[in-house]
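Scroll down for the structure; my scribbles are underneath it.
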Amino acid sequence: MMASFFTAEGAARSGWTSYPPLANIEVGQTIWFIGMIFLITSSLLGSINIITTIIQLRAPGLTWMRMPFFVWTQFVTSFLLVLAFPPWKQLQFYSLWIA
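Mapped onto this note's numbering, the consecutive letters of the sequence shown carry residue numbers 51 to 149.
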């Protein structure tokens with residue numbers, strides 16, 4: 051996303067929401083979309099890693115209700131990200147395709 055600042059047309063001018071009527075066909079906007087796809091992918095893979103780690107590497111005999119609150123918050127946050135990010139990633143691919 052930082053590379054879009056060094057293009058001839060400049061960075062993406064559509065704001066932080068990347069609202070489609072404001073998202074012009076420029077190199078900076080395309081680089082911004084690609085950067086968002088990479089960020090979404092890395093967050094999604096990190097969330098899957100956290101969920102897998104919490105489920106597989108619990109201590110023997112440690113029940114779900116005895117886990118610390120921090121572990122619960124990380125688990126719930128990662129679960130919500132796994133639910134929310136695939137549609138957002140699809141939207142970024144679609145926006146990149148029409149741009």
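Yeah, the Cβ is synthetic: ideal placement off N, Cα and C, and Gly gets one too. All values derive from a computational prediction rather than experimental measurement.
Asked	Found
Cutoff 8 Å; reference I105; Cβ partners in own chain excluding five residues on either side	none
G85 - DSSP class collapsed to helix/strand/coil	helix
From F120, G111, I90, residue whose alpha carbon lies closest to that of A134	I90
Proximity of I98 and V132 at Cβ, strictly below 8 Å	yes
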